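Here the structure is laid out as structure tokens; the discussion comes afterwards.
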Amino acid sequence: MRLISVRQWPIIVILFWILAVLFAQLFDLQPNAIALERILAAPDGEAWLGNDDLGRDILSRLLAGAQVSLFIAITVTSITLTFGTLLGLVAGYFGGWVDRLLMHITDVFLAFPGILLAIAFAAVLGPGLNNLVLALCLTAWVGYARLTRAQALSLRNRQHVLAAESLGATVPRIMGRHMLPLLAAPLMVEATYSIAGLVIAEASLSFLGLGIQAPNASWGAMLRDGVRYLLVAPHFVLAVGISLMSLVLAINVMGDTLRDILDVKR
Amino acid sequence: MLKRLLAVVPVVFGVLLLTFLLVHLVPGDPVEVMLGESATSADRAQLRSELGLDQPLAIQFKNYLVNLSQGDFGRSIHTHTPVSVLLKARIPATARLALLAFVIAIFIGLPLGIAAALKAHHWPDKLATLLSLSLSAMPPFWLGPLLMLVFALWLGLLPVSGMENPGSIVLPALTLGFGLAAILTRMTRASLLEVLHEDFVRTARAKGLSERTVILRHAMRAALLPVVTVLGLQLGGLLAGAVITETVFGWEGLGRLLVESIEKRDYPVTQACVLVIALAYVFINLMTDLLYTQLDPRVRYS
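As structure tokens, then:
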């Protein structure tokens, strides 16, 4: 008998990271404390994952980075999910020029591949946590708007929506009570994948120096520092890279599982 | 066909408008940000008029479009080199990198996807799925250093970074290609699995064709259609991935130029790089769509 099925391990990994971030608050970790005698020290009893180029404890910084990463991913997802869904509902429900305008705007946003637009926004807005969140918000809403709009378009002519309409239900009520519940499943799947994408996006921008600024820890910035000392201190890059990969992989697999359970077509 | 071509026009216009507006998103005065605090007010006034920032927004946008139509992307504010010269110098390096990555992805992704579909739910499938899932959780700034560590530093087979050596392209191309190979594997597997149950595959088998011919000639031809769309989208996506990969490996391409210009706050260069990458992406997507209509006679753009 297997104790843990394949389906359960992503939840364990995700819980591990959430608990790690929460528990890190209890201990007085000092991710920014410099110890010159331990520069690039290999993992040992004192520092489980070794020390970085300024002798800072990699494990503490890893946890601080995880906190930033999860905070940004969840904040941006909450904001863009709300905003994008609302836009998509309005466009899909009303149709006409509202819909055409929204589709033109999303088409333009989708004309920038991958992370390029977030890089461009972050570049002009300048570095820092707030601007990083803003740059990611400006690009991440598009997926939700497209998805919701497409679904709303077909829901709009369903019997129960038409019935509610003819009984005189207000537009917000139709959207909130009669359309949104049917959209919840695909949106949940989309949001799960999006959290993984945002963890990578945050790390990418920080890697390019556009995100979290020194001395504060972030996975992307740590990887950038780590690459410089790849030969003398491979543990630095490996610790951060494996952490990032474990989290992203777990969230993606959870997304796949959710999609199968909720029977959402992508 | 014509409809699809016309649909590109508003998108291109929007892309131009958005890249034009980028500089105006700079909090405060972009001229001050670009020149730093030590600049005199005369310097600022000069740059402002050089960039046309002292004119109304609509006039600025008109001038931007007119200049672009003449191949004029403005000048770097630091070196005063025309941006078009910088672009011309960097585009070939990125094109080489992206194309090699594309080829690598096809040579890994297609066979792996086919193997996974033919042996669905057995170990080749599980291995391919594990591999593609792991690779898609490895962004270039983690996969790149990992490959660097193994192949350059530990095994000493390839150069670490730079582009002097002919072997220098291998690691960045692998970094970029592996990510796409992961997507391609999953797409090919799903697409081929769907087709394998179709009547025409059974017919092909029933008339005694070899399994090889059935798969490669009959099933793959149908299964490739959705794969082509994804490939087209992803070839353009490689250009965005190249921004980070080039930074990891010090590959002097368009992506590196973009990142350097951001570090130096050289906005005309930043703007031009973003624009070129986006337009290339739009163009590749258009070509993919048109190719799709050629491959699948059922889809016709009237």
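Chains as they are written, first to last, in the working numbering: chain A, 1 to 266; chain B, 1001 to 1302. Glycine included, every Cβ here is placed at the ideal spot set by N, Cα and C. Keep in mind the model is a prediction, meaning the values are calculated, not measured.
Interface with chain B (7 angstroms Cβ-Cβ cutoff): A:M245 is included. Taking 4 residues as the minimum length, the alpha helix (DSSP H) runs contained wholly in the segment 1182-1225 of chain B are 1199-1206, in order along the chain. Beta-bridge analysis with DSSP links A:D52 to no other residue.
Every unbroken stretch of the alpha helix (DSSP H) spanning 4 or more residues and falling wholly within the segment 85-154 of chain A is given here in chain order: 96-110, 116-125.
Closest in C-alpha terms to A:V142, from the list A:T106, A:L182, A:D256, A:G209, comes A:T106. According to DSSP, A:R173 shares a beta bridge with no other residue. B:P1027 and A:A214 have their alpha carbons spaced roughly 21 angstroms apart. For B:L1051, not one C-beta of chain A is nearer than 7 angstroms to its own C-beta. Scanning its chain for C-beta atoms nearer than 8 angstroms, with the 5 sequence neighbours on each side dropped, one finds around B:H1218 the residues F1200, V1201, A1204, L1209, in chain order. At a cut-off of 7 angstroms between C-beta atoms, B:F1073 does not count as an interface residue with respect to chain A.
The DSSP-derived three-state label of A:R7 is coil. Around B:L1005, no beta-carbon contact reaches into chain A at under 8 angstroms, the shortest distance being about 15 angstroms. Interface criterion met: the Cβ of A:A111 is under 7 angstroms from a Cβ in chain B. The DSSP-derived three-state label of A:D260 is helix. When DSSP states are grouped into helix, strand and coil, B:D1043 belongs to the helix group. When C-beta distances to chain A are compared with 7 angstroms, the residues of the segment 1224-1258 of chain B below that value are G1236, G1237, L1239, A1240, G1241, V1243, I1244, T1247, V1248, in chain order.
Between A:L87 and A:M188 the beta-carbon gap is near 18 angstroms, outside 8 angstroms, which marks them as no contact. Sequence-distant partners of A:A201 (beyond 5 residues in either direction) whose C-beta falls short of 7 angstroms from its own C-beta, in its chain, are I115, A118, L136.
Looking at the DSSP output, B:P1082 shares a beta bridge with B:R1075.
A Cβ of chain B is located within less than 7 angstroms of the beta carbon of A:V237.
Exclusion of the five residues before and after B:I1077 leaves M1034, L1047, D1266, P1268 as the residues of its chain whose Cβ lies within less than 7 angstroms of its Cβ. Among the CB atoms of chain B, none fall inside 7 angstroms of the CB of A:V232. For A:L70, no Cβ of chain B is located within less than 7 angstroms of the residue's own Cβ. Distances from the alpha-carbon of B:R1212 to those of B:P1111, B:V1031, B:L1171, B:G1241 put B:P1111 closest. From the listed residues B:S1261, B:V1259, B:M1138, the smallest Cα separation to A:S243 is found for B:M1138. Neighbours of A:S204 in chain B, taken as residues whose beta carbon is under 8 angstroms from its own, are P1139, F1141, I1244 in chain order. In the structure shown, B:D1125 falls within a helical segment according to DSSP collapsed to helix, strand and coil. The alpha-carbon separation between B:G1241 and A:F112 amounts to approximately 12 angstroms. For B:R1298, no alpha helix (DSSP H) run applies, since DSSP gives it neither H nor E. Between B:G1232 and B:T1288, the C-beta spacing is below 7 angstroms. Counting the other Cβ atoms within 10 Å of the Cβ of A:N252 gives 16 or more, which makes it buried. The three-state reading of DSSP puts A:D225 in helix, counting H, G and I together. By the Cβ neighbour-count rule, B:S1132 is buried, with 16 or more other Cβ atoms within 10 Å of its own. By the neighbour-count criterion, in which a residue is buried when 16 or more other Cβ atoms sit within 10 angstroms of its Cβ, A:S194 is buried. CA-CA distance, B:N1063 to A:A120, rounds to 22 angstroms. The beta-carbon separation of B:L1171 and B:A1105, rounded to 15 angstroms, does not stay under the 8 angstroms limit for a contact.
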